[in-house]
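As they're listed, the protein sequences go chains A and B. For the first sequence, this note's numbering assigns the number 1 to the initial residue and increments by one for each residue that follows. For the second sequence, this note's numbering assigns the number 190 to the initial residue and increments by one for each residue that follows. Each remark here refers to the structure printed beneath this line.
Protein chains: 2
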Amino acid sequence: MGDETGKRVRADAQRNTDALLAAAAEVFATSGVDAPVRQITAKAGVGAGTLYRHFPQRSDLIAAVFRHEVDACADAAPALAARYEPVEALSRWLQRFAGFVGTKRGLSAALHSGDPAYESLPAYFDQRFLPVLGGLLEAAAKAGEVRSDVDPYDLLRATANLTLPGDDDGHARRMVALLVDGLRYGAEK
Amino acid sequence: MGDETGKRVRADAQRNTDALLAAAAEVFATSGVDAPVRQITAKAGVGAGTLYRHFPQRSDLIAAVFRHEVDACADAAPALAARYEPVEALSRWLQRFAGFVGTKRGLSAALHSGDPAYESLPAYFDQRFLPVLGGLLEAAAKAGEVRSDVDPYDLLRATANLTLPGDDDGHARRMVALLVDGLRYGAEK
DNA sequence: CGACGATACGGAACAGCGTTCCGTTTAGCA
DNA sequence: TGCTAAACGGAACGCTGTTCCGTATCGTCG
């Protein structure tokens with residue numbers, strides 16, 4: 001859905017919204033979603049008033065960051081699919097996805113807080129990721145490089161769960177690689 | 190377990206500890222367990238330093254209040270058993286217990302927070318309440334006023350769950366009464 | 001019974017937070 | 001180029017938890 005809701009957006013407003021999203025993403029990843037507001041505004045090079053104009057509720061900002069990162073991760077797929085062969089593209093995207101999930105520690109508490117701003121997030125997660133992974137998986141299967149009896153939903157959830165523990169960063173990488181090797185196992189060729 | 194751990198406690202210290210427990214219980218019931226510290230100290234007529242000396246961590250105070258109220262509720266049973274006939278005593282105590290549970294809204298979040306100060310609370314809950322309810326139930330069953338095939342554990346949990354909804358205060362009362370009528374249903378006499 | 005040491009008290013003071021408000025700047029259009 | 005509406009930034013406010021230390025009180029011992 002575009003931003004064509006009536007009025008035009010001023011360029012600086014757009015710039016600051018983007019800066020806030022980027023800064024918040026970084027801060028949330030390091031200090032959790034309860035991080036001080038000033039830390040975010042400082043990193044974005046923006047006043048407190050600006051933050052509150054764009055995101056009146058803290059949950060608005062959190063939800064927006066989440067959506068933004070979901071989009072970034074999902075949108076990375078086409079480029080990978082164009083540049084690499086199917087199974088390599090699949091593998092690289094799963095690594096990318098694992099990295100995304102790794103930054104979402106502490107967000108699950110917010111998700112279960114009952115705040116209506118979060119209600120649509122899980123659905124958005126599935127809606128964006130399932131088609132992407134489904135496409136990569138199908139391409140790799142068609143090329144005969146991976147088996148074709150794996151449900152995208154299962155693979156998505158498995159990868160997400162793989163990165164839940166303490167994660168030394170290297171650990172998640174290796175586990176995802178192992179998962180991909182599992183996909184190759186029953187391949188046609 | 191008593192307070193016989195070594196030294197003697199000064200009288201004013203004991204008085205203030207009690208005042209803080211009483212004030213905190215009231216404030217927690219009205220404003221939740223995240224209520225401002227000053228609200229508690231003010232109601233207790235005590236300085237902030239006094240609170241922090243007796244309860245260095247907020248979780249210490251919450252746990253102490255919880256234990257204190259569990260004790261108060263459990264200790265109310267003997268008097269009821271002495272003053273009323275068995276089934277009436279049972280009914281009145283269940284009402285009392287329902288009232289106790291009703292003030293514990295918002296505490297469940299704290300319980301599941303992983304703070305080690307709360308770990309022992311569920312066990313304490315069962316350890317104090319199960320014998321009490323068991324005793325009242327057995328007495329009523331022996332008098333032939335209620336059936337004898339009801340597990341105290343089930344009844345305790347059921348009563349607690351009954352008071353979970355919006356509770357107009359009257360609602361919980363009526364539901365508990367209904368539960369007691371259910372107990373009478375298969376009585377011997 | 002009076003004095004003394006230990007213990008506990010209270011609240012001012014501090015640091016940090018979210019949020020608001022408004023004088024100033026800037027973007028975009030005529 | 002000038003004008004207006006929109007957006008900006010950060011000082012200021014009120015509220016928070018927590019610490020600190022001069023003062024008051026308790027309980028004991030001579």
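Backbone N, C-alpha and C fix where the C-beta goes; we use that ideal spot for every residue, glycine too.
Excluding the 5 residues flanking residue i on each side, which residues of the same chain have their C-beta closer than 7 angstroms to its C-beta?
i: Val235 of chain B; result: Asn205, Ala208 and Leu209
i: Leu80 of chain A; result: Ala89, Arg92 and Trp93
i: Gln57 of chain A; result: Ala117
i: Arg173 of chain A; result: Gln95
i: Phe289 of chain B; result: Glu258 and Cys262
i: Val254 of chain B; result: Leu210, Ala213, Ala214 and Phe217
I need the boundaries of the alpha helix (DSSP H) containing residue i, first residue and last residue.
i: Gly288 of chain B; result: Pro275 to Gly291
i: Ala140 of chain A; result: Leu121 to Lys142
i: His171 of chain A; result: Gly170 to Tyr185
i: Ala298 of chain B; result: Leu296 to Leu300
i: Leu305 of chain B; result: This sequence places Pro at residue 305 of chain B; Leu is not what is there. Looking at the DSSP string, Pro305 of chain B is not in any alpha helix (DSSP H), and its letter there is neither H nor E.
i: Arg157 of chain A; result: Pro152 to Leu162
Give me the residue from the options with the minimum Cα distance to residue i.
i: Asp338 of chain B; options: B:Asp201, B:Leu372, B:Gly359 and B:Asp357; result: B:Leu372
i: Ala212 of chain B; options: B:Ala202, B:Val198, B:Asp201 and B:Ala231; result: B:Ala231
i: Ser297 of chain B; options: B:Asp223, B:Leu319 and B:Ala263; result: B:Asp223
i: Arg294 of chain B; options: B:Leu368, B:Thr352 and B:Cys262; result: B:Thr352
i: Gly323 of chain B; options: B:Ala349, B:Phe314, B:Gly221 and B:Leu345; result: B:Leu345
i: Ala82 of chain A; options: A:Ala98, A:Leu136 and A:Arg53; result: A:Leu136
i: Val198 of chain B; options: B:Val276, B:Gly221, B:Thr219 and B:His243; result: B:His243
i: His159 of chain A; options: A:Asp75, A:Gly102 and A:Leu51; result: His is not the amino acid found at residue 159 of chain A; the sequence shown has Thr there. Of the candidates A:Asp75, A:Gly102 and A:Leu51, the one whose C-alpha sits nearest the C-alpha of Thr159 of chain A is A:Gly102.
i: Phe97 of chain A; options: A:Tyr84, A:Ala77 and A:Ser113; result: A:Ala77
i: Tyr124 of chain A; options: A:Tyr52, A:Arg67 and A:Ala11; result: A:Arg67
i: Tyr342 of chain B; options: B:Glu274, B:Ala200, B:Leu319 and B:Pro225; result: B:Leu319
Ignore the nearest five residues each way along the sequence and tell me which others in residue i's own chain have a CB closer than 8 angstroms to its CB.
i: Leu300 of chain B; result: Tyr307, Leu310 and Pro311
i: Ser31 of chain A; result: Gln39
i: Val276 of chain B; result: Ala329, Ala332, Glu334, Val335, Val369, Leu372 and Arg373
i: Tyr273 of chain B; result: Arg281
Identify, in the order they occur along the chain, each residue of the same chain with its Cβ nearer than 6 angstroms to the Cβ of residue i, setting aside the five sequence neighbours on each side.
i: Ser59 of chain A; result: Asp115 and Ala117
i: Ala44 of chain A; result: Ala19, Leu20 and Ala23
i: Gly191 of chain B; result: Low confidence applies to Gly191 of chain B: its pLDDT is 42, below 50, so where it sits in the model is not reliable enough to give any reading.
i: Val180 of chain A; result: Ser91
i: Met175 of chain A; result: Leu162
i: Gln203 of chain B; result: none
i: Ala177 of chain A; result: none
i: Ala237 of chain B; result: Thr230
i: Arg317 of chain B; result: Val259 and Ala263
i: Thr239 of chain B; result: Asn205
Entirely enclosed alpha helix (DSSP H) segments - the region 194-269 of chain B, minimum 4 residues: Here the runs fully enclosed are 200-220, 226-233 and 237-243.
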